[in-house]
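Structure first, commentary second.
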Amino acid sequence: MKLGTQIPARNDDDYRIMSQLGVRHVCADPPGSPHDWTVDDISRLRDKLAGFGLEMEMVQLPLSSRPIEQSQSPDILSKGPNRDAQIASVCRLIERLSEAGIPAAKYNLNIIGIPRTPDEPGRGGSQNAAFRWEKADQDAPPTAAGEIDEEENWDRIAYFLDAVLPVAESANVRLACHPHDPYTPPGYRGVTRVLGTVEGLKRFVTLRDSPMHGLNFCQGTVGEMLDDPATEIFDVIRWFGERDKLFNVHFRNIRGHKLSFMETFPDEGDMDMWASMKLYAELGYSHMLMPDHVPTISGEDPRNTAFAFVYGYIAAQLEALRGEGFLA
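Numbering-wise (this note's numbering), the sequence shown opens with residue 39 and increments by one.
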């Protein structure tokens with residue numbers, strides 16, 4: 039297991055800080071649209087990062103967590119006229135990643151984005167993202183994708199997987215899909231979010247049999263699907279870990295449960311992150327663990343300061359695992 043990050047660097051000093059804080063592995067993207075990245079673009083960033091002691095292990099495909107109106111590949115999930123062209127472009131990108139020696143890519147199959155209700159106060163007056171169903175606009179209209187029922191959603195996902203997985207297998211590039219964040223009731227904003235439940239995620243990873251098909255396992259998002267994350271999360275981690283479907287871990291915690299939660303720093307939520315860390319090690323997980331969302335804190339550089347705290351938290355747990363013989 040490796041401490042990683044996906045936070046975009048604003049400048050070279052950010053790369054230096056990552057390295058100085060013990061980060062050695064990153065998910066990073068060249069500038070511009072991923073549809074336009076060349077092998078040289080990817081290799082140039084890979085080599086630049088190596089100069090800071092950082093290994094580029096992953097990129098984000100042009101399928102982000104943003105609402106479909108802001109997507110770089112909107113026709114893939116909306117079944118628009120450019121669907122096949124956009125999927126073909128993703129396939130070419132996967133081949134370029136392979137040529138540049140990048141072993142993995144993460145992506146989202148997201149239509150409505152990441153719904154949240156107003157931030158709530160956290161530790162010391164931090165502002166923490168939250169989702170309370172009773173405070174949400176439960177009658178919010180559908181997105182530009184219109185109404186998509188459960189089986190139509192699955193059909194569109196399967197169509198995408200059928201096209202990209204043979205390319206990923208040939209290129210030996212792991213594709214790590216992020217769950218839908220958060221769980222929302224069926225039909226919310228016109229969509230049943232099929233990757234917003236544990237059963238949906240199980241169906242997803244078994245939909246097609248491929249060693250390149252797995253999850254960007256956001257522990258916080260999975261906790262948001264559960265009635266009692268503190269007790270239920272371990273069985274979920276074990277199920278996907280035993281099947282080698284964990285390709286990246288967002289090491290994030292929450293306080294609350296399905297349809298009513300607040301995001302937290304990893305040490306103050308309901309899930310036992312040390313027990314989780316030991317379970318990842320027991321399962322032989324060997325990829326990155328990284329911060330994802332962090333509370334908004336005070337100061338001149340709030341985002342990077344909050345991320346630095348989580349880097350230290352993960353690094354300390356990895357050191358403790360080595361000390362207890364869980365890791366070599």
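All C-beta atoms in this analysis are idealised placements derived from N, C-alpha and C, irrespective of residue type, glycine included.
Using a Cβ-Cβ cutoff of less than 8 Å, which residues in the same chain neighbour residue i once the five nearest sequence positions on both sides are dropped?
i: Asn342; result: Ile45, Asp52, Ile55
i: Ile292; result: Gly258, Gly261, Glu262, Pro267, Phe299, Met300, Glu301, Thr302, Gly307, Asp308, Met309
i: Tyr323; result: Met39, Gly279, Leu284, Val287
i: Leu239; result: Pro217, Leu233, Leu253, Val260, Phe278
i: Asp330; result: Gln44, Cys256, Gly258, His288, Phe289, Arg290
i: Arg82; result: Pro68
Opposite residue i in the DSSP bridges: which residues?
i: Gly294; result: Phe299
i: Ala344; result: None, per the DSSP bridge assignment.
i: His216; result: Asn146
i: His288; result: Cys256, Met328
i: Ala168; result: Thr155, Met300
i: Val229; result: Ile186
What does a CB cutoff of less than 6 Å around residue i pick up in its chain, not counting 5 residues either side in sequence?
i: Glu107; result: Ala182
i: Asn148; result: Ser103
i: Arg121; result: Asp113, Ile114
i: Gln98; result: Asp67, Lys144
i: Ala353; result: Leu41, Gly60
i: Pro224; result: Thr230
Is the beta carbon of residue j closer than 8 Å to that of residue i?
i: Ser102; j: Gln110; result: yes
i: Lys144; j: Cys65; result: yes
i: Asp305; j: Tyr349; result: no
i: Leu253; j: Lys296; result: no
i: Ala167; j: Glu301; result: yes
i: His288; j: Met250; result: no
i: Glu133; j: Ala209; result: yes
i: Leu365; j: Ala319; result: yes
i: Ala138; j: Arg212; result: no
i: Thr222; j: Pro153; result: yes
i: Arg241; j: Ile150; result: no
i: Ser136; j: Phe90; result: no
i: Ala126; j: Thr155; result: no
Is DSSP giving residue i helix, strand or coil here?
i: Val61; result: coil
i: Asp157; result: strand
i: Thr334; result: strand
i: Ile26; result: Outside the displayed range of the chain (39 to 366) lies residue 26, so it cannot be described from this structure.
i: Ile140; result: coil
i: Val77; result: helix
Got a sec, what are the start and stop residues for the beta strand (DSSP E) residue i sits in?
i: Thr43; result: 40-43
The alpha helix (DSSP H) with residue i in it runs from where to where?
i: Glu95; result: Glu95 -> not in any alpha helix (DSSP H); beta strand (DSSP E) instead, spanning 93-98.
i: Tyr318; result: 311-320
i: Val274; result: 267-280
i: Leu239; result: 236-245
i: Glu190; result: 188-209
i: Pro72; result: Neither: Pro72 is in no alpha helix (DSSP H) and is coded neither H nor E.
i: Leu115; result: 112-116
Beta-carbon within less than 7 Å of residue i's beta-carbon, same chain only, minus the 5 sequence neighbours each way: which residues are those?
i: His218; result: Asn148, Arg231, Leu233, Gly234
i: Ser164; result: Pro333, Thr334, Ile335
i: Pro100; result: Ser71, Pro72, His73, Gln110, Ser111, Val128
i: Val274; result: Val236, Val260
i: Ala123; result: none
i: Val205; result: Cys129, Ile132, Glu133
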